[in-house]
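Here is the structure we will look at.
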Ligand SMILES: Nc1ncnc2c1ncn2[C@@H]1O[C@H](COP(=O)(O)OP(=O)(O)OP(=O)(O)O)[C@@H](O)[C@H]1O
Ligand SMILES: [Mg+2]
């Protein structure tokens, strides 16, 4: 479903190149649920932006549903739903209901399918109380549900979420998680999310990717991740350990198989 | 185009939900436009010809240029907000939708309050035509020149928008950004240049597109003595400029670097 082949992205900042992502390769199959971890500034959001056609990679190649997002952006947009936890893609001034109408027009979803889907989502995510509220007046949790709904109205085969549980209270968080799990198991939607919340990883993801300094530092199941540190370490300890021993930006990329703690699924 | 029309319709309905400000803006637009006409009227009250053209002829030139410009401004004028979208990060949200980014920027927060100017220009043009009595052998040029003018104005906005993508990359811009410098220096074109761009947009179609075919419609000699065939060049000029604009916009989007969060 998603194929990244040695993708890299650098930015020129005051004449110097900042390598946000370098040489990142991974494959996500249809129906998978993958979580993406990594310290701040690791390159997670940049990776998501390359998958969704917001940023063109400066090296390598990525395809989503067989299409290159930087060349066939609009075709990819139909296949993919995108949620940015940090920033809404809805329209500040409009009530949630109107925002959904605009989404309907942009994706050319037919009226009947749209109604069905919106009713279903309203029911599942409890949007009923604030459909008429302008987006700027929504609480973070309400807005997040709105964003998730907007990303799914066109029934995409892949859903990509950048920190979808950021700032949510415990109840909202578990509702969002339950919703995403059902989406993955019942509709078979492929889900890729980034998070700093290990609860998301433990409760949702069968597979974890750890990005560090723009490189893939681990790719495997949650159990395999835990097994990288001997003994009865908690998942927090394991991840903290991995973040701390992260290589300096300029060291050559570790090759799979050479470095014992790195497991590949 | 269909998506665009549906989008602006939705925004218009949304704006109409605040009837007070909606009506005020529309009335404001009409009043400003009416004043423009009054100015022309007053000038002609004192002089009967302007550069060898009499009142209906000047009204024709003014009306057709004004119509091109104001229709383009009404439909696509929002495209000059692109720098705000780049700064605020809302451009990310447009890139994830399966619709061209130019259409989305142009339709974003559309309000029809600029329709007043277009209406006024159309009225001026209609009055002028009623007095001029242009034969059909020359009148066919009128829609051609108006449409060409719309295309040219729109292309120039698209070019201005495309430049915004580059300007966010310019070193002094990056410096102002990283050192928290004055916001004014951040996006020079959007702050100081918007009026300039608008000026060019108004003058350019008038000079090259409206003027030459206008002479054809009026059946007048060119006071500057330029070749006759220039009068038929406006559609070609419009098409060429549109192609350049599309290319520039695309390469602008390709250079877009999002924001760091
Ligand atoms: N538009 C940009 N211009 C310049 N540098 C950028 C830009 N976007 C990202 N970066 C840099 O790229 C690196 C990776 O950023 P990215 O946002 O992908 O990290 P992240 O893994 O999402 O971090 P976080 O967990 O904090 O969200 C950072 O060093 C950041 O400064
Ligand atoms: Mg991020």
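Protein chains in written order, with the numbering used here: chain A, 1 to 265; chain B, 1 to 261. C-beta: ideal position from N, C-alpha, C; glycine also.
Span separating the alpha-carbon of residue i from that of residue j
| i | j | result |
| --- | --- | --- |
| residue 290 of chain B | residue 144 of chain B | Past the edges of chain B, shown from 1 to 261, lies residue 290 of chain B, and the structure says nothing about it. |
| residue 102 of chain A | residue 226 of chain B | 49 Å |
| residue 176 of chain B | residue 12 of chain A | With a pLDDT of 38 at residue 176 of chain B, under the threshold of 50, the predicted position of this residue should be treated as unreliable, though the coordinate-derived value follows. About 15 Å. |
| residue 190 of chain A | residue 199 of chain A | 19 Å |
| residue 236 of chain B | residue 63 of chain B | 22 Å |
| residue 76 of chain B | residue 105 of chain A | 19 Å |
| residue 218 of chain B | residue 87 of chain B | 47 Å |
| residue 178 of chain B | residue 14 of chain A | Reliability of the predicted coordinates at residue 178 of chain B is poor, the pLDDT of 33 falling under 50, and the value obtained from them is presented with this limitation in mind. Between residue 178 of chain B and residue 14 of chain A, the C-alpha separation is close to 9 Å. |
| residue 211 of chain B | residue 80 of chain B | 26 Å |
| residue 192 of chain B | residue 246 of chain B | Note that residue 192 of chain B scores a pLDDT of 44, beneath 50, so its modelled location is shaky; the value from the coordinates is reported in the next line. Roughly 24 Å between the two C-alpha positions. |
| residue 255 of chain B | residue 232 of chain A | 48 Å |
| residue 212 of chain A | residue 147 of chain A | 28 Å |
| residue 216 of chain B | residue 238 of chain B | 17 Å |
| residue 184 of chain B | residue 258 of chain B | Bear in mind that a pLDDT of 32 at residue 184 of chain B, under 50, signals an unreliable position, so the number given afterwards is only what the model happens to contain. One C-alpha to the other measures close to 20 Å. |
| residue 173 of chain B | residue 83 of chain B | Unreliable positioning characterises residue 173 of chain B in this predicted model, as indicated by a pLDDT of 42, which lies under 50. The coordinate reading is nonetheless provided below. Distance between the alpha carbons of residue 173 of chain B and residue 83 of chain B: 12 Å. |
| residue 139 of chain B | residue 19 of chain B | 40 Å |
| residue 70 of chain A | residue 216 of chain A | 22 Å |
| residue 133 of chain A | residue 239 of chain A | 40 Å |
| residue 60 of chain B | residue 128 of chain B | 5 Å |
| residue 54 of chain A | residue 42 of chain B | 53 Å |
Proximity of residue i and residue j at Cβ, strictly below 9 Å
| i | j | result |
| --- | --- | --- |
| residue 193 of chain A | residue 160 of chain A | yes |
| residue 78 of chain B | residue 107 of chain B | yes |
| residue 266 of chain A | residue 209 of chain A | The displayed coordinates of chain A run from 1 to 265. Any statement about residue 266 of chain A would go beyond what the structure contains. |
| residue 124 of chain B | residue 66 of chain B | yes |
| residue 98 of chain A | residue 10 of chain B | yes |
| residue 179 of chain A | residue 125 of chain A | yes |
| residue 60 of chain A | residue 25 of chain A | yes |
| residue 244 of chain B | residue 155 of chain B | yes |
| residue 74 of chain A | residue 112 of chain B | no |
| residue 46 of chain A | residue 9 of chain A | yes |
| residue 127 of chain A | residue 145 of chain A | yes |
| residue 4 of chain A | residue 27 of chain A | yes |
| residue 151 of chain B | residue 241 of chain B | yes |
| residue 76 of chain A | residue 151 of chain A | no |
Same chain, Cβ closer than 6 Å to residue i, neighbours up to 5 away in sequence not counted
| i | result |
| --- | --- |
| residue 234 of chain B | 145, 148, 209 and 213 |
| residue 116 of chain B | 29, 30 and 33 |
| residue 12 of chain B | 112 |
| residue 131 of chain A | 96 and 97 |
| residue 105 of chain B | 79 and 82 |
Residues of its chain near residue i, where Cβ-Cβ distance is below 7 Å and the 5 sequence neighbours each way are ignored
| i | result |
| --- | --- |
| residue 80 of chain A | 52, 64, 156, 158 and 160 |
| residue 101 of chain B | 94, 95 and 253 |
| residue 14 of chain B | none |
| residue 171 of chain B | Caution applies to residue 171 of chain B, whose pLDDT of 37 falls short of 50 and renders its modelled position unreliable; the value that the coordinates give is listed next. Correct list: empty, nothing qualifies. |
Identity of the residues DSSP links to residue i by a beta bridge
| i | result |
| --- | --- |
| residue 211 of chain A | A:216 |
| residue 36 of chain A | A:194 and A:209 |
| residue 80 of chain A | A:158 |
| residue 127 of chain B | Answer is none; residue 127 of chain B lacks a bridge partner. |
| residue 63 of chain A | A:3 |
| residue 10 of chain B | None, per the DSSP bridge assignment. |
| residue 95 of chain A | A:134 |
| residue 24 of chain A | A:7 |
| residue 17 of chain A | A:12 |
| residue 221 of chain A | A:207 |
Same chain, Cβ closer than 8 Å to residue i, neighbours up to 5 away in sequence not counted
| i | result |
| --- | --- |
| residue 114 of chain B | 29, 70, 73, 74 and 77 |
| residue 205 of chain A | 33, 34, 35, 193 and 222 |
| residue 153 of chain A | 100, 103, 104, 107, 109, 114, 117, 118 and 121 |
- Message: Quick check: the segment 149 to 164 of chain B against the segment 243 to 259 of chain B, are at least 3 beta-carbon pairs closer than 8 Å?
- Response: They touch, by the three-pair rule.
- Please confirm if the segment 169 to 176 of chain A is in contact with the segment 90 to 101 of chain A, defined as three or more CB-CB distances below 8 Å between the two stretches. The segment 169 to 176 of chain A is not in contact with the segment 90 to 101 of chain A.
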